[in-house]
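Following this line, the structure appears as structure tokens:
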């Protein structure tokens with residue numbers, strides 16, 4: 002490429018003019034003239050590839066304009082008289098794209114298909130969630146006729162461990178004549194992903210752009226002051242220049258200032274100085290009191306971690322209203338503040354309102370009020386209170402709003418539209434906002450750089466940081482975007498710089514064969530062809546590529562092993578055998594030393610799994626040490642965490658980290674059948690019963706029937722004898738008397754270590770070869786065991802009647818749902834009960850929300866739940882035997898709310914006594930509707946059950962649910 006900066010030569014100008022003239026006569030030229038801006042180079046390159054009949058993978062930063070490529074694919078389809086499908090990972094993004102395309106091409110030409118919505122599904126352009134297209138492919142839908150283009154927006158969602166496999170299914174199964182335009186965030190292995198697409202889809206061009214059209218500046222807000230993260234004028238593109246593999250992918254997560262300087266950027270010395278001062282302050286705070294006795298220091302260090310004082314800082318943290326006010330003063334609004342908590346988002350809006358913050362003019366307030374009142378006019382007045390409508394409205398009038406999954410979908414859409422129009426200036430959002438919803442801002446604020454992932458607090462990754470901050474900078478509106486991290490005690494500026502400078506992350510497949518996928522493949526292609534198709538997945542493609550590198554390592558290590566074997570040769574005997582004895586002795590001694598702690602952990606787990614509801618125990622440590630009563634057992638979990646109620650009426654789960662040894666009951670009480678853990682009075686009454694039992698000093702009931710001898714003192718009785726025998730064998734070996742024994746031993750240690758590593762690599766190769774097909778074989782074994790596959794003759798497979806039904810059931814519990822149908826769980830249910838029971842098969846509660854099994858609303862539901870729980874337990878055993886991922890446990894936490902809703906109760910009454918937000922409830926009802934709709938459409942289903950499913954849908958699709966579903 003030429004590096005001259007002068008004017009192009011006459012021949013270059015002529016060639017460029019000729020190319021522009023030629024392009025103006027093409028579909029791309031016509032499309033470009035419909036735009037009010039010039040195409041970027043990467044957009045033009047990708048569009049040319051589509052025009053020339055090739056597929057494309059476009060990887061570019063958020064906000065770079067990659068959706069233009071998808072829109073050109075739609076334009077091409079319409080110009081050629083073909084259909085185009087535009088797929089998205091989430092319904093909100095589908096709804097948004099549907100509105101955009103309908104406005105551009107006319108409502109008659111654009112359709113929308115999601116799990117609960119069907120609008121103009123036979124239109125030439127249809128926007129849909131990826132699962133809908135997958136289901137079309139398996140059903141061989143007539144809607145696929147004349148399909149010319151499929152746009153897969155946010156294709157990097159393929160890495161999602163729960164839903165990512167759907168993207169691979171679609172890419173693999175689409176007809177070969179369909180061109181695929183895959184749009185992705187910037188990933189570090191785009192070439193690898195593109196190579197796979199080229200393998201399974203044919204000619205596919207990979208277009209990667211690291212350039213942000215709107216420069217992004219990185220800051221840290223210290224108190225109320227915004228400080229640049231990097232020294233000097235350093236923008237997003239300058240941190241890691243485009244095409245620089247070291248800067249993009251090899252930078253450590255927390256570079257030192259020296260590392261940073263070597264890579265072309267330098268962390269602001271002012272921030273580094275503040276971090277050092279804070280560190281020194283904390284050091285003095287911990288160790289600066291010389292008169293403290295050693296015993297007192299030891300006691301302090303032994304305190305529970307939850308009781309430790311947080312790090313001290315000289316910086317006074319700005320409140321949320323102060324942060325927004327600071328951004329407003331510096332003309333950095335509109336802004337999105339990411340808070341990894343729904344409650345935190347709602348609290349932030351309340352705090353800003355309470356602080357008297359106004360970000361809107363009177364004219365803007367009138368427009369907002371009109372929009373909000375229109376949105377709420379069809380909602381029953383009783384429901385408005387439950388939905389906290391008036392507080393939501395008050396925040397919006399001030400230009401402030403929350404955005405999270407617990408909100409009513411329509412409320413979120415109002416926020417999105419008002420924000421896009423510049424009427425709402427500050428949005429407090431959870432990370433779900435970063436998953437494609439088009440809400441760009443001038444600034445993005447991150448309150449913290451860690452989040453709770455459902456199990457523990459973990460640091461956000463560089464990829465997540467890029468996805469979140471990528472919202473900053475509105476193309477065509479802002480000259481620059483700004484990412485602001487709030488200073489917290491313990492903030493490491495170098496670590497923040499590491500996140501900001503590594504903006505790529507690898508795309509790794511999460512693909513695995515499911516029961517539904519496998520039965521559909523078998524029905525369409527037969528077993529041999531189905532295995533071949535699965536072996537063409539991106540997961541297997543990645544595994545095969547890694548095997549090449551592993552095999553090379555094995556060959557190199559085998560050569561080194563030969564050299565080590567020569568160096569440890571002994572003239573007195575077989576030193577390999579002698580080394581083996583030494584290794585066995587060392588392993589036996591180490592095993593013995595570790596056995597006590599391992600046994601103690603096992604005993605602690607065993608003691609937890611033995612606890613029964615009503616047992617009163619003393620919890621020695623953890624978040625709530627002290628006396629508690631067990632509410633529910635946890636026998637099935639690998640790490641038991643029974644639910645307990647403390648004397649302070651707090652609900653907790655206890656685990657092995659809360660114990661100092663095996664736990665056994667102090668006494669035992671009876672838990673009343675009417676006990677409801679959600680009702681404070683019930684909790685207080687039960688806590689009072691525990692105190693009375695302790696005062697009466699009752700012995701544990703049935704103590705003689707429970708063996709509380711946890712096996713202490715019986716650990717490894719033969720281990721000491723084994724060690725003694727090995728020592729004798731070692732002394733008797735000829736090589737024991739060799740004068741060079743220790744030299745030989747050093748070589749043997751190296752040999753053993755390398756042998757172990759090499760064997761591990763060999764096992765990895767064996768495990769990665771045909772991994773997906775092997776999993777498929779195990780899935781088929783389970784399907785055969787349950788009778789979904791029949792084998793009339795050896796080597797032949799036939800789909801049974803039940804198997805044909807399974808083909809139309811999509812979801813994480815597909816086989817369990819099919820078994821529930823098969824075992825008659827739905828047989829005695831009416832329409833209301835069918836809706837309630839369906840919730841058991843889709844709902845997923847947070848682990849801490851799981852408690853006692855509730856009393857069922859009816860005998861029929863009790864029977865149905867018994868059937869599905871029994872089937873799940875049996876299925877889990879079969880899956881464990883076949884080394885398959887376990888099907889999730891049926892959840893009963895939504896059964897009462899769904900039952901009440903189906904019976905026509907008000908939303909307030911339905912949600913009373915639950916932890917469900919209104920938006921969450923609506924989302925789960927929609928998933929219930931989706932499942933009922935699937936069941937009603939299963940060919941050959943009992944007509945009575947199909948009618949009940951349709952009736953149940955009508956019962957639950959009402960009020961806020963119907964209001965939140967576009968019709």
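Numbering (our numbering), first residue to last: 2 to 968.
Just so it is clear, CB atoms sit at the ideal spot from N, CA and C, and this is done for glycine as well.
Note that the coordinates shown come from a computational prediction; the quantities given were computed from them, not determined experimentally.
Helix, strand or coil at residue i [DSSP, three-state]
{"i": "residue 148", "result": "strand"}
{"i": "residue 518", "result": "helix"}
{"i": "residue 616", "result": "strand"}
{"i": "residue 482", "result": "strand"}
{"i": "residue 571", "result": "strand"}
{"i": "residue 461", "result": "coil"}
{"i": "residue 956", "result": "helix"}
{"i": "residue 694", "result": "helix"}
{"i": "residue 326", "result": "helix"}
{"i": "residue 791", "result": "strand"}
{"i": "residue 668", "result": "strand"}
{"i": "residue 772", "result": "helix"}
{"i": "residue 398", "result": "helix"}
{"i": "residue 961", "result": "helix"}
{"i": "residue 815", "result": "helix"}
Euclidean distance between Cα positions of residue i and residue j
{"i": "residue 654", "j": "residue 645", "result": "6 Å"}
{"i": "residue 589", "j": "residue 731", "result": "14 Å"}
{"i": "residue 618", "j": "residue 953", "result": "45 Å"}
{"i": "residue 963", "j": "residue 919", "result": "13 Å"}
{"i": "residue 889", "j": "residue 814", "result": "7 Å"}
{"i": "residue 85", "j": "residue 612", "result": "58 Å"}
{"i": "residue 819", "j": "residue 788", "result": "12 Å"}
{"i": "residue 479", "j": "residue 411", "result": "28 Å"}
{"i": "residue 123", "j": "residue 934", "result": "19 Å"}
{"i": "residue 80", "j": "residue 149", "result": "11 Å"}
{"i": "residue 869", "j": "residue 886", "result": "18 Å"}
{"i": "residue 856", "j": "residue 894", "result": "11 Å"}
{"i": "residue 341", "j": "residue 452", "result": "6 Å"}
{"i": "residue 322", "j": "residue 164", "result": "38 Å"}
{"i": "residue 111", "j": "residue 145", "result": "15 Å"}
{"i": "residue 78", "j": "residue 44", "result": "18 Å"}
{"i": "residue 909", "j": "residue 629", "result": "32 Å"}
{"i": "residue 959", "j": "residue 193", "result": "47 Å"}
{"i": "residue 161", "j": "residue 167", "result": "10 Å"}
{"i": "residue 670", "j": "residue 473", "result": "58 Å"}
Residue from the options whose Cα sits closest to the Cα of residue i
{"i": "residue 369", "options": "84, 867, 379, 398", "result": "398"}
{"i": "residue 142", "options": "174, 164, 111", "result": "174"}
{"i": "residue 317", "options": "915, 631, 223, 326", "result": "223"}
{"i": "residue 151", "options": "789, 72, 188", "result": "72"}
{"i": "residue 536", "options": "931, 557, 512", "result": "512"}
{"i": "residue 75", "options": "99, 41, 126, 55", "result": "126"}
{"i": "residue 521", "options": "804, 538, 635", "result": "804"}
{"i": "residue 374", "options": "525, 415, 383", "result": "415"}
{"i": "residue 464", "options": "923, 783, 186, 94", "result": "186"}
{"i": "residue 508", "options": "203, 191, 694, 232", "result": "191"}
{"i": "residue 52", "options": "12, 180, 882, 274", "result": "180"}
{"i": "residue 514", "options": "725, 780, 733", "result": "780"}
{"i": "residue 572", "options": "119, 745, 278", "result": "745"}
Contact belief for residue i with residue j at Cβ below 8 Å, rounded distance in angstroms
{"i": "residue 809", "j": "residue 938", "result": "7 Å"}
{"i": "residue 350", "j": "residue 402", "result": "7 Å"}
{"i": "residue 154", "j": "residue 87", "result": "7 Å"}
{"i": "residue 446", "j": "residue 324", "result": "7 Å"}
{"i": "residue 63", "j": "residue 468", "result": "7 Å"}
{"i": "residue 327", "j": "residue 319", "result": "7 Å"}
Residues that DSSP places opposite residue i in a beta bridge
{"i": "residue 972", "result": "The structure shown does not extend to residue 972, since the chain spans only 2 to 968, so no value can be given for it."}
{"i": "residue 87", "result": "128, 152"}
{"i": "residue 506", "result": "188"}
{"i": "residue 60", "result": "185, 209"}
{"i": "residue 799", "result": "791"}
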